[in-house]
Amino acid sequence: MIHFRTPIEGVERPRMEADVVIVGGGPAGMACALRLAQLIDAHNAAHPDAALSKENIYLLEKSREAGQHCLSGALLDPRSMRELLPSFEKEAPIDGECTKESIYYLTRTGKRRFPFTPPPMRDHGNYVISINKFVKWMAEKVEAAGITVFTGFAASEVLFDGDAVIGVQTDDKGIDKNGQPKANFEPGYNLHAKVTVFCEGARGSCTKQLVERYRLEDPKHAQVYGVGIKELWEIPTGRIAKGEIIYTLGYPLTTKEYGGAWIYGMRDSLLSVGYVTGLDYEDPRTDPHHAFQSFKEHPVLRGILKDGKMIRYGAKSLPYGGWNSMPRLFGHGWMLAGDSAGFLNSQRLKGIHLAIKSGMLAAETAFDALLAGDASAPELATYKARVDASWIREELYPVRNFHQAFEHGLWQGMAKAGLQHVMGGANLGPDSKAHPGYENMRHVNALNPFREGRMQFLGAAKGDRKLTFDKLTDVYYSGTRHEDDQPTHLVIADLSICNDRCTKEFGNPCQFFCPAAVYEMVEEAGEKSSAPEKKLHISFANCVHCKTCDIQDPYQIITWVPPEGGGGPNYDGM
Amino acid sequence: MKILVCMKQVPQKDAPLKLNEAGTWIREDVSYEVNEPDAYALEEALRQKEKHGGEVVVVTAGPARAQQVLREALAKGADRAIHLVDDSFATIDPVSTARAIAAAIESESFDVVLTGLQSDDFGFAQTGVLLAELLGWPHGTIIIGIEKTETGLRLKRELEAGHYQWMDIPLPCVLTIQSGINKLRYATLIGIKQARNKPVKQMTLADVADKLGTNLQTIERLYIPVKQKKTEMLQGSSAEIAKKLVDKLRNEARVI
Ligand SMILES: Cc1cc2nc3c(=O)[nH]c(=O)nc-3n(C[C@H](O)[C@H](O)[C@H](O)COP(=O)(O)OP(=O)(O)OC[C@H]3O[C@@H](n4cnc5c(N)ncnc54)[C@H](O)[C@@H]3O)c2cc1C
Ligand code: SF4
């Protein structure tokens, strides 16, 4: 019997009162905390008699140390950081400035270089960073500014009072795999807050509770996602210079799937390389981890990676939907910022600067709410107004139809995107609609048996352990650790669907879309007859918190909830 | 009881390690954590304090990053902390570390000093014992149980192969604690918040330098062993091969 994690019942929970609680310490959460501290400091300097306190502003982060669950490319557009900390370039960990960029279209063995870099992909002046190091540095700034960062604590439940969000409950610690408290059991806190800002990244687990309860998404414009698989490589110098960046389209995905790769030179001998696969593919056997492995086998990549050494692995989802897919951003007592709200420019594969800017705008709104003593929806509506008046809208609105253009494949997509570029983002008709990507998935027996050139990313990759790796080897390089004796945090509403219906219809795609080998169909003695039956096994301790399963499961019966705080990957240097 | 707990920050157990350029130690860009047996030592100190009252003080000798260990200890309930801050504390030998700690607590009077059994990185298992010697106190090692008695402490030590030893020890004393002596607690939100206001005394290398003496032990070179796998095919009839094999096992491998 698999016991799934739920908050333990019938215990008295300690309660703590807060002015503002920020859930999630990625770029959005850290920027929100820092901006709030700046505003309070400035206010207190101007009004010493009516000083506000920073004592009761808290940030919750589920990773053991700040930044450990953050994974990105990453190229930073410095715009918002310059607003937040004008001198950040002097002290922040920056690997290098982008100096050279190219885009290739890959065929199975060849490459074609785009004759010019389309304007949105131009990256001169952007910085190559490790988001892990960058966020760690931001966390130091936040703490130095007097705001408490609770690392190793997840928000597991949203606390509601009627129509309002009144805070969050933190994760229960010390629960065994059968759901019983252990000797060192520590119940989660009820952390009550006047304002709660959700900055949980893509597909946040609390955010999902809000989206469902308040129907925050427009059904005509569902959020769509991709999953990025990434490795850090040490390579001989002289191949890719620090600050050099390459994007590729094409192989190993076919023109039917949405996706592409990045290669960023972090140092002359350190490379960030990764592949994003859109989570709206048709073939349930599609394995994004396999796609990435096959990508590395392309002659171009072989040349770059030869005699190199893979040193880190990770995976994370990102929201693609853009401006039209953004959920409502605020309500009584709450706001959404960063990837949780879909602030990402999928045309540029960039969200960090938008996460930071949205976090700052949420901070400005929260600050006003504290001053006014009012965190009701009408007060927090100024957040949306701020977003609309800022350069966020200027950047995102014109590209609102970008991803949707690719719905019918790469060629049509390129043509439509080109047209949109000329027409300021508009289509020839109305704005494109978007439905959830998992709906595209087709039954196995409805697919062309010849696999139509998809062999290179269907099913699990084997790996040669030099250039390519199987999932378990890669997971080892993600530094993932969880307390083993705890309930399973991949909560499946109905296991019988997995073991029966899904096996027949989709062939258990969870085995393939999960980049960390969490889901496995294992033969067991059958219940009724002695014939062995395949049953779903969940090795939750491998989970790298990418949220792909929550997004891509075709029956939408998997709910990712935070495991015991502190568990998860360790994306050092990613 | 006034208890001192000596704690160390070590590279995370399953972190992939890389040698530094000079080949004298590992590269610094790894994650760190509390040395495991030290966490148990802290837990034991907190439990003793909860039973018998007193104070729990934590000390670490290490670079600035090691402050994290102290913060965690304060969040779990330690009353105050002492940080001997210097990069060199990460690599000095156990005598020097023991001397530095002894010097740092010169003006205090503890009843018990707890350390972990050994550190996960160097694994010397000497610092605690040397500290006892420097303080002139008795010590007990590999402790897996502590009871307070009228005259001192009753200890349970772990010996080989499932054997245990019970012994009495007078106070003050130094004990090195084995992992698993208790069940570790979690830090709580309120604990972490309160820890922000607990005192951390910073001491520099200069503050204790005259007590250190010379460092007698340094790592000259660290290297990853080269794999030496040799396959040799024996030729001949079965009887001849058997004979050659026995010869090799006896005279080369020396296993029979
Ligand atoms: C593969 C990939 C490549 C990318 N490349 C680039 C790039 O080159 N340039 C660029 O600008 N952008 C890039 N992006 C996008 C960018 O990384 C994101 O937009 C950005 O990180 C979003 O920041 P965030 O703070 O909203 O969320 P995140 O960075 O996801 O941070 C969320 C944080 O919240 C924590 N958290 C989540 N839930 C909880 C909870 N319930 N309780 C406590 N803590 C919680 C998480 O542990 C995490 O630390 C890329 C994204 C991906 C996936
Ligand atoms: S279990 Fe889900 S969240 Fe965890 S690694 Fe697999 S797909 Fe990602």
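Quick mapping for you: the protein sequence lines, in order, are chains L and D. My numbering numbers the first residue of the first sequence as 1 and each following residue consecutively. My numbering numbers the first residue of the second sequence as 1 and each following residue consecutively. In this text, a Cβ means the ideal position worked out from N, Cα and C, and glycines have one as well. Just so we're clear, the structure is a prediction, and the values are computed from it rather than from any experiment.
Asked: Given the structure, does V273/L come close to ligand 1, in the sense that its CB is under 7 Å from one of the ligand's heavy atoms?; Found: no
Asked: Please classify A155/L: does DSSP put it in a helix, a strand, or coil?; Found: strand
Asked: If you count every other CB in all the chains shown that lies within 10 Å of the CB of L34/L, and 16 or more means buried, which is it?; Found: buried
Asked: Taking the C-alpha atoms as reference points, what is the distance between S63/L and F512/L?; Found: 26 Å
Asked: Assign A362/L to one of two classes, buried (16 or more other C-beta atoms within 10 Å of its C-beta) or exposed (fewer than that).; Found: buried
Asked: Less than 7 Å between C-beta atoms, sequence neighbours within five positions excluded: which residues of the same chain meet that for E72/D?; Found: V34 and A187
Asked: Less than 8 Å between CB atoms is the rule here; does D572/L satisfy it with respect to chain D?; Found: yes
Asked: Report buried or exposed for H289/L, applying the criterion of at least 16 other Cβ atoms within 10 angstroms of its Cβ.; Found: buried
Asked: Which word fits M335/L, buried or exposed, when buried means at least 16 other C-beta atoms lie within 10 angstroms of its C-beta?; Found: buried
Asked: Is the beta carbon of M203/D less than 8 Å from the beta carbon of A104/D?; Found: yes
Asked: At a Cβ cut of 8 Å, what residues of the region 161-186 of chain L count as close to chain D, listed as they run along the chain?; Found: T170, K173, G174, K182, A183, N184 and E186
Asked: Excluding the five sequence neighbours on either side, which residues of its own chain have a C-beta within less than 8 Å of the C-beta of L354/L, listed in chain order?; Found: S80, G338, F343, L344, N345, I392, E395 and L396
Asked: Pull up the DSSP beta-bridge partners for V58/D, would you.; Found: V5/D and A81/D
Asked: For N542/L versus V444/L, is the C-beta distance shorter than 8 Å?; Found: no
Asked: Would you say A15/D reaches chain L, if we count a Cβ-Cβ gap shorter than 8 Å as a contact?; Found: yes
Asked: Among residues of its own chain, excluding the 5 on either side of A372/L, which ones have a beta-carbon nearer than 8 Å to its beta-carbon?; Found: E379
Asked: I want to check one thing, is the minimum distance from the CB of C543/L to the heavy atoms of ligand 2 below 7 Å?; Found: yes
Asked: Let me see if you follow: with CB-CB separation under 8 Å, is I192/D close to chain L or not?; Found: yes
Asked: According to the Cβ coordinates, are S478/L and G314/L closer than 8 Å?; Found: yes
Asked: Which ranges does the beta strand (DSSP E) cover as unbroken runs of at least 3 residues, wholly within the region 4-42 of chain D, from first to last along the chain?; Found: 9-11 and 32-34
Asked: According to DSSP, is W233/L part of a helix, a strand, or is it coil?; Found: strand
Asked: Does the beta carbon of M30/L come closer than 8 Å to any beta carbon on chain D?; Found: no
Asked: Output, in sequence order along the chain, the residues in the region 133-150 of chain L whose CB is closer than 7 Å to any CB in chain D.; Found: T148 and F150
Asked: Would you mind telling me which residues of chain L sit closer than 9 Å to S31/D, beta carbon to beta carbon, in chain order?; Found: R64, E65, Q68, G479, N570 and D572
Asked: Starting from the C-beta of A206/D, find all residues in its chain whose C-beta is less than 8 Å away, skip the five residues before and the five after it, and write them out in chain order.; Found: none
Asked: For T188/D and chain L, any beta-carbon pair shorter than 8 Å?; Found: yes
Asked: Out of M7/D, E28/D, K8/D and Q9/D, which one is the CA nearest neighbour of L17/D?; Found: E28/D
Asked: Taking 7 Å as the cut-off, is the CB of E395/L close to at least one heavy atom of ligand 1?; Found: no
Asked: With a threshold of 7 Å (Cβ to nearest heavy atom), would V518/L be considered close to ligand 2?; Found: yes
Asked: Please report the straight-line C-alpha distance between L191/L and F540/L, rounded to a whole angstrom.; Found: 27 Å
Asked: Tell me which residues share the same chain as A596/L and place their Cβ nearer than 8 Å to its Cβ, disregarding the 5 neighbours each side in the sequence.; Found: Because chain L is modelled from 1 through 574, residue 596/L falls outside the range shown and cannot be assessed.
Asked: Please name the residue, chosen from H139/D, A98/D, V113/D and V10/D, that lies closest to Q68/D on a Cα-to-Cα basis.; Found: V10/D
Asked: N190/L by DSSP, collapsed to three states: which one?; Found: strand
Asked: State buried or exposed for Q217/D, treating a residue as buried only when at least 16 other CB atoms are found within 10 Å of its CB.; Found: exposed
Asked: Answer with buried or exposed for V255/D, where buried requires no fewer than 16 other C-beta atoms within 10 angstroms of its C-beta.; Found: exposed
Asked: For the region 528-545 of chain L, list every residue whose C-beta sits within 9 Å of some C-beta in chain D, in sequence order.; Found: none
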